Amino acid sequence: MTKIKNICCIGAGYVGGPTMAVIAQKAPGIKVTVVDINEKRIAAWNDADLSKLPVYEPGLDAVVGEARGRNLFFSTQVDEAIAEADMIFISVNTPTKTYGVGKGMAADLKWIELCARQIARVSTNDKIVVEKSTLPVRTAEALKSILENTGNGVKFQILSNPEFLAEGTAVEDLHAPDRVLIGGDPDTEEGKAAIQALVDVYAHWVPKANILTTNVWSSELSKLTANAFLAQRVSSINALSELCEKTGADVNEVAKAIGQDSRIGPKFLKASVGFGGSCFQKDILNLVYIAQSFGLKEVADYWEQVIIMNDHQKRRFAENIVRTLYNTVSGKKIAMLGWAFKKDTNDTRESAAIYVADYLLNERAEVVIYDPKVSEEQILADLDYLGTRSEEENRQLISVVNTAYVATEEAHAVAIMTEWDEFISLDWDRIYEAMLKPAFLFDGRRLLDKEQLKSKGFEFYAIGS
Ligand SMILES: NC(=O)c1ccc[n+]([C@@H]2O[C@H](COP(=O)([O-])OP(=O)(O)OC[C@H]3O[C@@H](n4cnc5c(N)ncnc54)[C@H](O)[C@@H]3O)[C@@H](O)[C@H]2O)c1
Ligand SMILES: O=c1ccn([C@@H]2O[C@H](COP(=O)(O)OP(=O)(O)O[C@H]3O[C@H](CO)[C@@H](O)[C@H](O)[C@H]3O)[C@@H](O)[C@H]2O)c(=O)[nH]1
């Protein structure tokens, strides 16, 4: 029986940090060390001021506060932590490739391979290696090959344990997961023991019935499939939102009506300006790429449509702003409320706001942005990353401010990009008074009450109504 005493997690990002903090909190007998090559990030995880953690998630400060220094450690000493551990989680980034074969579609496994080589080089006793990152199906095979061919006779067991937490509710999701999925090799004694060792870690707080074990390939593919299904629901309701706008139907009413069918269910039917986040697009493109590489054209085309629809949704929201503002936004001040890809996170990866802002900037709008958790530095980095215009131009054309009231002052239009709760309780009369007239308001999140806002005088547009 393998009893885990020492865990190392490579990658202290949005997944590695919160997941390991919760394992440490719930299993005080296990020493958990989270390592990263990014010194700034590790310093922030170690900051005495818990409001400065590098990942903003409701409740995370309390979890870190409880376990850090007791059995939870953040460090840049990667080799040492690997050498000490009996179980190593790999939780590094696996973004879409930006070069070479599979560019724009396949997952870039460069960082995963580097981890495998480092584990092989450093290890002197047998270890269980856990894939926590989201990976293409059959990656465990490549990991095994690297570990077994470059190591020094040490035995490795490889498990797949994809993470299903959603940002903004990470702590809640980790405390009470719908399921924990563990893929391993059930055909050998060592394989079975490794699976059991990881089951035992989660069993500290997750009911046994919620811990599923499968073979490695099913586990790897289930992660991509779950994200594809979730994103497909958003694209499906977004597709219908456009039809609602043409026909007088209301997408919220349609969503409610279909969601009460227990076979469909009510969740993930909220029409929006388009899904964002670091996962949906990347994982579906990866699924499309894998299907293509097996020659499954119809399967690939089917899933690609989810992305095509999402791009369309972001673009048509931006086009509608320009069209409504008399076909020109040149020199007009547009206030964007929200930049994060959803509420309760400071993560902006693939946020719809980035693409809408870029479109408006191409039309020479003067864009003013306010988000309660995203810094100016991050917003500028997101726009610079697109490479549409020079860094200097981005700095000339946008400004980032500290309140929604400053953002909307003398604006021609306001666009709600993220569903932050605080936007609901803003003094919309005050905002109306301070805006240029007609005061246009574009609700990309169905956050505000249409009749109320119209009665205040706004020219109000909301997705899907
Ligand atoms: N963000 C989410 O909500 C989420 C949820 C489920 C799964 N995932 C998956 O989890 C993985 C990690 O995602 P993330 O959002 O935490 O990424 P992230 O970019 O926030 O964090 C990854 C970290 O790994 C570090 N790293 C990379 N190579 C390293 C190396 N060789 N040694 C040490 N550190 C290294 C990076 O410096 C970075 O801090 C991805 O595969 C992602 O698809 C993400
Ligand atoms: O009805 C909905 C639900 C979501 N969204 C948008 O979809 C995106 C993704 O939202 P969500 O799935 O809640 O957040 P993520 O943190 O991206 O989580 C997804 O991606 C993670 C990374 O793989 C998985 O672990 C999670 O299970 C999966 O939900 C966001 O822009 C949301 O605003 C909608 O527009 N309408």
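Numbering follows the numbering used here, with no gaps: position 434 of the sequence shown is 434.
Ideal placement from N, C-alpha and C gives every residue a C-beta, glycine not left out.
Remember, it's a predicted structure, so these values are computed and weren't measured experimentally.
Chain D within 8 Å of residue i, Cβ atoms only
i: residue 216; result: Included in the structure is just one protein chain, with no chain D present.
According to DSSP, residues forming a beta bridge with residue i
i: residue 160; result: 131, 183
i: residue 459; result: 440
i: residue 370; result: 337
i: residue 68; result: 72
i: residue 400; result: 369
i: residue 87; result: 7, 128
i: residue 107; result: 96
Cβ-heavy atom distance, residue i to ligand 1, below 7 Å
i: residue 13; result: yes
i: residue 117; result: no
i: residue 167; result: yes
i: residue 9; result: no
i: residue 244; result: no
Residue j beta carbon less than 8 Å from that of residue i
i: residue 67; j: residue 53; result: no
i: residue 236; j: residue 444; result: no
i: residue 275; j: residue 310; result: yes
i: residue 27; j: residue 74; result: no
i: residue 94; j: residue 133; result: yes
i: residue 424; j: residue 447; result: yes
i: residue 128; j: residue 109; result: no
i: residue 120; j: residue 146; result: yes
i: residue 489; j: residue 368; result: With the chain running from 1 to 465 in the structure shown, residue 489 is simply not present.
i: residue 374; j: residue 339; result: yes
i: residue 78; j: residue 17; result: no
Identity of the residue in the options nearest residue i by Cα
i: residue 90; options: 34, 363, 371, 103; result: 34
i: residue 195; options: 204, 203, 185; result: 185
i: residue 71; options: 24, 324, 110; result: 24
i: residue 207; options: 180, 337, 75; result: 180
i: residue 379; options: 401, 365, 364; result: 401
i: residue 85; options: 7, 36, 255, 75; result: 7
i: residue 284; options: 47, 232, 210; result: 232
i: residue 223; options: 36, 282, 37; result: 282
i: residue 117; options: 151, 95, 136; result: 151
i: residue 82; options: 98, 55, 36, 46; result: 36
i: residue 76; options: 145, 286, 9, 111; result: 9
i: residue 288; options: 5, 137, 99; result: 137
i: residue 30; options: 403, 60, 198, 176; result: 198
beta-carbon residue i near ligand 2 non-hydrogen atom, thresh 7 Å
i: residue 272; result: yes
i: residue 210; result: no
i: residue 423; result: no
i: residue 163; result: yes
i: residue 155; result: no
i: residue 353; result: no
i: residue 227; result: yes
i: residue 100; result: no
Inter-stretch contact at 8 Å, needing at least 3 Cβ pairs: the stretch 432-452 / the stretch 382-392: No, they do not touch.
The stretch 139-156 touching the stretch 166-174, judged by at least three CB pairs closer than 8 Å: no
Sufficient close CB pairs (3 or more, under 8 Å) joining the stretch 399-413 to the stretch 324-339: Verdict: yes, contact present.
The stretch 239-249 in contact with the stretch 456-465 per 3-pair CB rule at 8 Å: yes
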